[in-house]
Amino acid sequence: MEWLIHPASSAGVAMRSDWYMFMGAGIAVALIVYGCIAWCLIAYRRRTPAQAARFDGNPRLEVLYTAIPLAMVIALFGVTYAIEMPIDRVGNPSDRIAVTAFRWSWRFEYPGGVSVNGTPENPPTLYLPIGRTTEIDLRSADVTHSFWIPAFLFKRDAIPGMTNTFDLSPTRVGRFPGRCAQFCGLEHANMTFAVAVVPDDRYRRYLASKGSAVP
Numbered sequence: 035m036e037w038l039i040h041p042a043s044s045a046g047v048a049m050r051s052d053w054y055m056f057m058g059a060g061i062a063v064a065l066i067v068y069g070c071i072a073w074c075l076i077a078y079r080r081r082t083p084a085q086a087a088r089f090d091g092n093p094r095l096e097v098l099y100t101a102i103p104l105a106m107v108i109a110l111f112g113v114t115y116a117i118e119m120p121i122d123r124v125g126n127p128s129d130r131i132a133v134t135a136f137r138w139s140w141r142f143e144y145p146g147g148v149s150v151n152g153t154p155e156n157p158p159t160l161y162l163p164i165g166r167t168t169e170i171d172l173r174s175a176d177v178t179h180s181f182w183i184p185a186f187l188f189k190r191d192a193i194p195g196m197t198n199t200f201d202l203s204p205t206r207v208g209r210f211p212g213r214c215a216q217f218c219g220l221e222h223a224n225m226t227f228a229v230a231v232v233p234d235d236r237y238r239r240y241l242a243s244k245g246s247a248v249p
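The sequence shown begins at 35 in our numbering and counts up one residue at a time.
#1: Between the Cα of Met106 and the Cα atoms of Arg213, Gly58, Arg239, which residue gives the shortest distance?
#2: Tell me where the beta strand (DSSP E) around Pro120 begins and ends.
#3: Skipping 5 residues on each side, what residues in its chain have a beta carbon closer than 7 angstroms to that of Pro127?
#4: If contact is defined by three or more beta carbon pairs under 8 angstroms, each pair taking one atom from either stretch, is the segment 204-217 in contact with the segment 174-190?
#5: Assign Pro163 to one of three DSSP states: helix, strand, or coil.
#6: Where DSSP assigns a beta bridge to Asn151, which residues make up the other side?
#7: If you run the structure through DSSP and keep just helix, strand and coil, what is Ile71?
#8: Assuming Asp90 is part of the beta strand (DSSP E), what are its boundary residues?
#9: In whole angstroms, what separates the C-alpha of Trp73 from that of Asn198?
#10: Find the nearest neighbour of Ala42 within the set Leu241, Ser243, Thr205, judged by alpha-carbon distance.
#11: With which residues is Trp182 paired in a DSSP beta bridge?
#12: Sorted by chain position, which residues of the same chain lie with C-beta nearer than 6 angstroms to His179's C-beta, five sequence neighbours on each side aside?
#13: Quick check on Tyr54 - is its C-beta less than 8 angstroms from some C-beta in chain D?
#14: Using the rule of at least 16 other Cβ atoms within 10 Å of the residue's Cβ for burial, across every protein chain shown, is Pro233 buried or exposed?
#15: For Gly165, which of Val207, Glu155, Pro157 has the nearest alpha-carbon?
#16: Let me check understanding here. Comparing Cα to Cα, which of Ala109, Trp138, Leu110 lies closest to Asn224?
#17: In chain order, what residues of the same chain have a beta carbon less than 7 angstroms from the beta carbon of His222, not counting five sequence neighbours either side?
#18: Could you check if Tyr68 is buried or exposed, using at least 16 other CB atoms within 10 Å of its CB as the buried criterion?
#19: Sort out for me which residues DSSP pairs Phe227 with in a bridge.
#20: According to DSSP, Glu221 sits in a beta bridge with which residue or residues?
#21: Here's the rule I'm using: 16 or more other beta-carbon atoms within 10 Å means buried, otherwise exposed. How should Met196 be labelled?
#22: Using the beta-carbon count (16 or more within 10 Å), is Ala77 buried or exposed?
Below, the structure written as structure tokens:
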């Protein structure tokens, strides 16, 4: 759960707050539901063999227990929309990297003609500079895949014939696992990659060496 408590990207920090709100709303709903069940069990437990009171409905109560969940859903949708809209486009990217998913690995194309192709046996590494925004152009060469970096709390689909563009802004130096999160065939489980967040000077050195020097 380290990636949830301390996400390694600005998008992850935003999504963490959204996740906490959903968790809080879920706990509140659970407490209300279980509280009502407990109250019914206690208040209406059998005391005498007398005939129970009958009633056809309670319009006020029915409106109330319909309006409250509806208001919660609308509020959570609005907050999530407001949080997610800026995530894809942070703005002012310093670099652009083309990411192509294919069965069953990844190709990363950096500025300056640097291209890295992976295999299931030799997964590639995506290098990103710390503290800077990088635009990612995500594509698929065959079937639908999903680009997932758990430590960033970030996932986007790679869809054939479509370019999915988004920004990544890492906030912590380190090496983080990534993988395809959409079942795509026989070697899906081995369709992995790594994300290495490095200082800017090391990232520039990597580009200058055409990918031959590991930062």
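Glycine included, each C-beta is placed from N, C-alpha and C at the ideal position.
Since we're looking at a predicted model, the values are computed, not measured.
To lay it out plainly:
#1: Looking at the Cα atoms, Gly58 is the closest of the given residues.
#2: Here Pro120 belongs to no beta strand (DSSP E); instead the alpha helix (DSSP H) covers 93-122.
#3: Excluding residues within five positions, the ones whose Cβ falls inside 7 angstroms are Thr167, Thr168, Glu169, Asp201.
#4: Between the segment 174-190 and the segment 204-217, the count of Cβ pairs shorter than 8 angstroms is three or higher; the stretches touch.
#5: For Pro163, the secondary structure class from DSSP, reduced to helix, strand or coil, is strand.
#6: Listed as beta-bridge partners of Asn151 by DSSP are Arg141.
#7: Residue state, collapsed to three classes: helix.
#8: First-last for Asp90: undefined, no H or E at that position.
#9: Between the C-alpha atoms of Trp73 and Asn198 there is a straight-line separation of about 50 angstroms.
#10: If we check each option's Cα against that of Ala42, Thr205 comes out closest.
#11: Lys189, Arg213.
#12: So the list reads Ala135, Ala192, Cys214, Gln216, Cys218, once near-sequence residues are dropped.
#13: As a matter of chain content, chain D is missing from the structure shown, which is built from one protein chain.
#14: Looking at its Cβ environment, which holds fewer than 16 other Cβ atoms inside 10 Å, Pro233 is exposed.
#15: If we check each option's Cα against that of Gly165, Val207 comes out closest.
#16: Selected option, being the one with the closest Cα: Trp138.
#17: So the list reads Trp138, Cys214, once near-sequence residues are dropped.
#18: Result: exposed.
#19: Phe227 pairs with Gly212.
#20: Looking at the DSSP assignment, Glu221 forms no beta bridge with any residue, so it has no partner.
#21: So Met196 ends up on the exposed side.
#22: Ala77 comes out exposed.
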